[in-house]
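The sequence shown runs 93 to 371 under our numbering.
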Amino acid sequence: MSLKDILGKHNFKFKKRFGQNFITDPGILNKIVSSGEINSEDIVVEIGPGAGTLTKAIAQEAKLVIAIEIDKDLMPILADNLLDFNNIRVIEGDALKINLDQLVEEITGEQKPYKIVANLPYYITSPLVMHFLESEFNIQRIVIMVQKEVAQRFTGEPGTKDYGALTVSLNYYSKPKIAFFVSRNVFTPKPDVDSAVVDLEIRKEPPYQVNNINILRKLIKAAFNQRRKTLTNALKVLNIEKAIIAQILEDTKIDPKRRGETLTLEEFVKVANKLSAII
Ligand code: SAM
93 MSLKDILGKH NFKFKKRFGQ NFITDPGILN KIVSSGEINS EDIVVEIGPG AGTLTKAIAQ
153 EAKLVIAIEI DKDLMPILAD NLLDFNNIRV IEGDALKINL DQLVEEITGE QKPYKIVANL
213 PYYITSPLVM HFLESEFNIQ RIVIMVQKEV AQRFTGEPGT KDYGALTVSL NYYSKPKIAF
273 FVSRNVFTPK PDVDSAVVDL EIRKEPPYQV NNINILRKLI KAAFNQRRKT LTNALKVLNI
333 EKAIIAQILE DTKIDPKRRG ETLTLEEFVK VANKLSAII
């Protein structure tokens, strides 16, 4: 049965508030699955299965798919559409409020690392990804469809307009890359933006030793809150004496006139580690 027929049979109405733009193109679905290099050993958590088209494509390759969907109206559609699969569990709930490690353990009885694959609603992409990463869940890889501009921000280079607090934080936890771009025409209903699939390989260890993660987070936030200011000026909000900032920048060999938005993750870590010794 086609997606249109399944949705029609259940009299389903798309909900904007849940960012519902479903994918129908089998070529795109398979490309998402191959970007995640999913194999028969993999446990995959899918966020927002919608009508289950991507879920099926994942289930054909994975050992188990745990699909979390917030919209209760999709439950009968998913039950209908996924009937032929015995390796899919659908959970009704808000992915932001679920402890994924606990859920996977409850279902599999194991604490194995798992992959996340999702075509996410655009408005929750960044908060959801950061929530998963900061919670330090046992995630191996995240392959997600996001708005094209968000994908560019995930992978921005220092000093460019795409480079922001999100880019730096993401690089601390993962190695982000754009897998491929997707036209808006492959979605039902058609969204106003183009998309890209992003592949985040989660780091087993942070790339640099960080003495205090909260100070690193505060520093990154301060640097990008005032991206047009020099680092020295941007750091004033942290209530640290100018002379101390100057000393730290000299010790870390960072030009005090540089803007915060030009610092690499490594440089942020160096400054944060110096700051953590005095704050
Ligand atoms: N995966 C389907 C596809 O590719 O066709 C649907 C993708 S659609 C862009 C996003 C899906 O995420 C919708 O089904 C929506 O109801 C669901 N969703 C939105 N917010 C959610 C949340 N916080 N937790 C779980 N699912 C959510």
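C-beta: ideal position from N, C-alpha, C; glycine also. Owing to the predicted nature of the structure, the values given are computational and were not obtained by experimental measurement.
Spell out the partners DSSP gives residue i in its beta bridges.
{"i": "S266", "result": "I294"}
{"i": "V289", "result": "M237, F272"}
{"i": "T322", "result": "R351"}
{"i": "N211", "result": "M237"}
{"i": "E228", "result": "In the DSSP output, where bridge partners are listed per residue, E228 has none listed."}
{"i": "Y206", "result": "I231"}
{"i": "F279", "result": "I115"}
{"i": "V361", "result": "V361 pairs with nothing; no bridge assigned."}
Quick check: does the Cβ of residue i come within less than 7 Å of any heavy atom belonging to ligand 1?
{"i": "P213", "result": "yes"}
{"i": "I236", "result": "no"}
{"i": "N113", "result": "yes"}
{"i": "I162", "result": "yes"}
{"i": "D186", "result": "yes"}
{"i": "F110", "result": "yes"}
{"i": "T145", "result": "yes"}
{"i": "L192", "result": "no"}
{"i": "G140", "result": "yes"}
{"i": "I130", "result": "no"}
{"i": "K311", "result": "Going by the sequence as given, residue 311 is Leu instead of Lys. Checking the Cβ of L311 against ligand 1 gives no."}
{"i": "I270", "result": "no"}
{"i": "I216", "result": "yes"}
Where does residue i land, buried or exposed, given buried means 16+ other C-beta within 10 angstroms?
{"i": "I370", "result": "exposed"}
{"i": "M167", "result": "exposed"}
{"i": "A335", "result": "exposed"}
{"i": "Q339", "result": "exposed"}
{"i": "A171", "result": "exposed"}
{"i": "M93", "result": "exposed"}
{"i": "Q239", "result": "buried"}
{"i": "K366", "result": "buried"}
{"i": "L323", "result": "buried"}
{"i": "N191", "result": "exposed"}
{"i": "F114", "result": "buried"}
{"i": "R233", "result": "buried"}
{"i": "I305", "result": "exposed"}
{"i": "N263", "result": "buried"}
{"i": "S227", "result": "exposed"}
{"i": "R295", "result": "exposed"}
{"i": "D291", "result": "buried"}
Every unbroken alpha helix (DSSP H) within the segment 150 to 197, with a cutoff of 4 residues, ordered by chain: 167 to 173
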